[in-house]
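Some notes on the structure that comes next.
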Amino acid sequence: MAERTEAERNDAPRELLNRELSWLDFNDRVLSLAAEVGIPLLERVKFLAISSSNLDEFFQVRVAALKDQLAAGLTAPAPDGLTPAQQLVAIGETVDGFVLRQEGLLLGALLPELRRNGIVVLDWHELEVADRQELTQLFERRIFPVLTPLAVDPAHPFPYISNLALSLAAMVSDPDTGERRFARVKVPNVFPRLLALSDGRRFVPAEQVIAAHMHLLYSGMVVEECAAFRVTRNADLTLEEEEADDLLAAVEMELRRRRFGRAVRLEVQSGMSAEMVELLVRELDLEPRDVSYHATMLDLTCLFQLAGLDRPDLKDTPWPPVTAGRIAAAEDAERSIFSVIRERPLLVHHPYESFSSSVESFIAQAADDPKVQ
Numbered sequence: 002m003a004e005r006t007e008a009e010r011n012d013a014p015r016e017l018l019n020r021e022l023s024w025l026d027f028n029d030r031v032l033s034l035a036a037e038v039g040i041p042l043l044e045r046v047k048f049l050a051i052s053s054s055n056l057d058e059f060f061q062v063r064v065a066a067l068k069d070q071l072a073a074g075l076t077a078p079a080p081d082g083l084t085p086a087q088q089l090v091a092i093g094e095t096v097d098g099f100v101l102r103q104e105g106l107l108l109g110a111l112l113p114e115l116r117r118n119g120i121v122v123l124d125w126h127e128l129e130v131a132d133r134q135e136l137t138q139l140f141e142r143r144i145f146p147v148l149t150p151l152a153v154d155p156a157h158p159f160p161y162i163s164n165l166a167l168s169l170a171a172m173v174s175d176p177d178t179g180e181r182r183f184a185r186v187k188v189p190n191v192f193p194r195l196l197a198l199s200d201g202r203r204f205v206p207a208e209q210v211i212a213a214h215m216h217l218l219y220s221g222m223v224v225e226e227c228a229a230f231r232v233t234r235n236a237d238l239t240l241e242e243e244e245a246d247d248l249l250a251a252v253e254m255e256l257r258r259r260r261f262g263r264a265v266r267l268e269v270q271s272g273m274s275a276e277m278v279e280l281l282v283r284e285l286d287l288e289p290r291d292v293s294y295h296a297t298m299l300d301l302t303c304l305f306q307l308a309g310l311d312r313p314d315l316k317d318t319p320w321p322p323v324t325a326g327r328i329a330a331a332e333d334a335e336r337s338i339f340s341v342i343r344e345r346p347l348l349v350h351h352p353y354e355s356f357s358s359s360v361e362s363f364i365a366q367a368a369d370d371p372k373v374q
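Written out as structure tokens, the structure is:
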């Protein structure tokens, strides 16, 4: 095949779409399903949660890889012509707009529609006195015992912030000396992110309940500021399979290493002070462009909790998957799935045809077959 001319190579970028920006376009199409009024409400809520989960993975893998290239001094452009630095700038601009659309959809459409259907997500300041008392009792009984409040001082360095963990950052001061300290409380994942009130239809974000009781965690100190934040780290899995003597051990080691990957994104509540943001950016070794400001709850994957509520009237009618005809016949005859495939290729249409009786069965039978290596 003849080598492309210089002119053809120069034209190539105009013929190609950037892989990372194309993926963001895909996720935007996922988000568009959350805006589709013809889709049942809780299915729309689920699509919004999926778009948030997708974006987390994108930053952990794709953005992290671009940052690694930048740190290594690599400047070679991708096939579309964009260098790693240019891709990161374009990604940042695209994601900023995407987050605004997510928040606009949540605040302007989904939360009001949920409220009309008896599912209400409330902020702490919206609660009645009796509701606050109920959540205070919940905090003292269940939440307070599992919290680990930390404060930074010369004897206690800045704590490690784990990947995708939701945290509260606070600035506390000593009323006697005026000394100010940065404090951090991790929001535990041992209880639901959205705490249900006793009626079962109203929910309050757990971080707001904890924030309302920070004075109990830092007794004797003045809590000057408190805001939620979340860190995304490099979670790309890199394995040199040809060089690994023990693949299982290599995977285990890489998974342990991945827990301490470099920070690639910082999400903060839009009301967080510039002082607090600058401190987090500095301690996490990030750049100001790596900060994402949010007017709503951080980590919208918590909406999966609402999507899982027992409200069949707000969901798609369940479709019970059926076993593909040729597989069903083989099961009746006590034949393996391999004998079915050996006759001729088998096309299975998911989710309408069963995944468990096809793909899962194939893997299970292969695992039990001594001839499979």
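Plus 1 on top of the position in the sequence shown (first one is 1) and you've got the working numbering.
Ideal Cβ placement from N, Cα and C applies to all residues, glycine included.
Since we're looking at a predicted model, the values are computed, not measured.
(message) For the structure I just gave you, are there three or more beta carbon pairs, one from the stretch 289-304 and one from the stretch 315-325, closer than 8 Å?
(response) Note that the stretch 289-304 does not touch the stretch 315-325; fewer than 3 beta-carbon pairs, one per stretch, sit closer than 8 Å.
(message) Using 8 Å as the cut-off, can you tell me whether the stretch 83-99 makes contact with the stretch 328-336, which would need three or more C-beta pairs spanning the two stretches below that distance?
(response) These segments do not touch.
(request) Locate the beta strand (DSSP E) running through M172, then write down its first and last residues. (result) Run containing M172: 167-174, per the beta strand (DSSP E) assignment.
(request) Give the straight-line distance between the Cα atoms of R10 and P206, rounded to the nearest whole angstrom. (result) Confidence at R10 is low in this model, with a pLDDT of 49, below 50, so the placement of that residue should be treated as unreliable; the coordinate-derived value is given next. If you take the alpha carbons of R10 and P206, they lie about 53 Å apart.
(message) One question on the structure: do R202 and I120 come within less than 8 Å of each other, judged by their Cβ atoms?
(response) Yes. Within cutoff.
(message) Please classify V186 as buried or exposed, where buried requires at least 16 neighbouring CB atoms within 10 angstroms.
(response) It is buried - the Cβ of V186 has at least 16 other Cβ atoms within 10 Å.
(message) For a minimum of 4 consecutive residues, which ranges assigned as the alpha helix (DSSP H) are wholly contained in the stretch 50-90?
(response) If only complete runs of 4 or more residues are kept, the stretch 50-90 shows the alpha helix (DSSP H) at 65-72, in order along the chain.
(request) Name the one or two DSSP bridge partners that S293 has. (result) BP columns for S293 point to E268.
(request) Identify the continuous beta strand (DSSP E) that holds P113 and give its terminal residues. (result) No beta strand (DSSP E) holds P113; the alpha helix (DSSP H) holding it covers 112-117.
(message) Extract the residue ranges of the beta strand (DSSP E) inside the stretch 124-199, only unbroken runs of 3 or more that lie entirely within it.
(response) If we require 3 residues or more, the beta strand (DSSP E) runs fully inside the stretch 124-199 come out as 167-174, 181-187, 195-197.
(request) Starting from F339, trace the alpha helix (DSSP H) both ways and give me its first and last residue. (result) That run of the alpha helix (DSSP H) goes 338-344.
(request) Closer than 8 Å by C-beta to E135: which residues in its own chain qualify, once you throw out the five before and the five after it? Chain order, please. (result) So the qualifying residues of the chain are L198, S199.
(request) For T318, write down the residues that DSSP places opposite it in a beta bridge. (result) None; T318 has no bridge partner.
(request) Would you be able to state if there are at least three C-beta pairs under 8 Å between the stretch 94-112 and the stretch 30-50? (result) Segments in contact, yes.
(request) Could you check which residue in L167, Q374, V341 has the C-alpha nearest to that of A330? (result) When each option's Cα is compared against that of A330, the closest is V341.
(request) Check the DSSP bridge columns for F1 and list the partner residues they point to. (result) The requested residue 1 does not occur in the structure, where the chain is confined to residues 2 to 374.
(request) On a CA-only basis, which of V191, D175, N164 is nearest L148? Give me that one, please. (result) The shortest C-alpha separation from L148 is found at V191.
(message) Among H350, A236, V232, whose alpha-carbon lies nearest the alpha-carbon of V282?
(response) With distances taken between Cα atoms, V282 lies closest to V232.
(request) Give the DSSP-derived three-state secondary structure of V373 in the structure shown. (result) Here V373 sits in coil by DSSP.
(request) Specify the secondary structure class of E21 as computed by DSSP and reduced to three states. (result) In this structure, E21 counts as helix in the three-state DSSP scheme.
(message) Quick check on the DSSP output: the alpha helix (DSSP H) that includes F305 runs from which residue to which?
(response) Here the alpha helix (DSSP H) through F305 covers 304-308.
(message) In whole angstroms, give me the CA-to-CA distance for R133 and S357.
(response) So the alpha carbons of these two residues sit roughly 46 Å apart.
(message) Let's test the definition: count the other Cβ atoms within 10 Å of the Cβ of V122 and tell me whether it reaches 16, buried, or not, exposed.
(response) So V122 ends up on the buried side.
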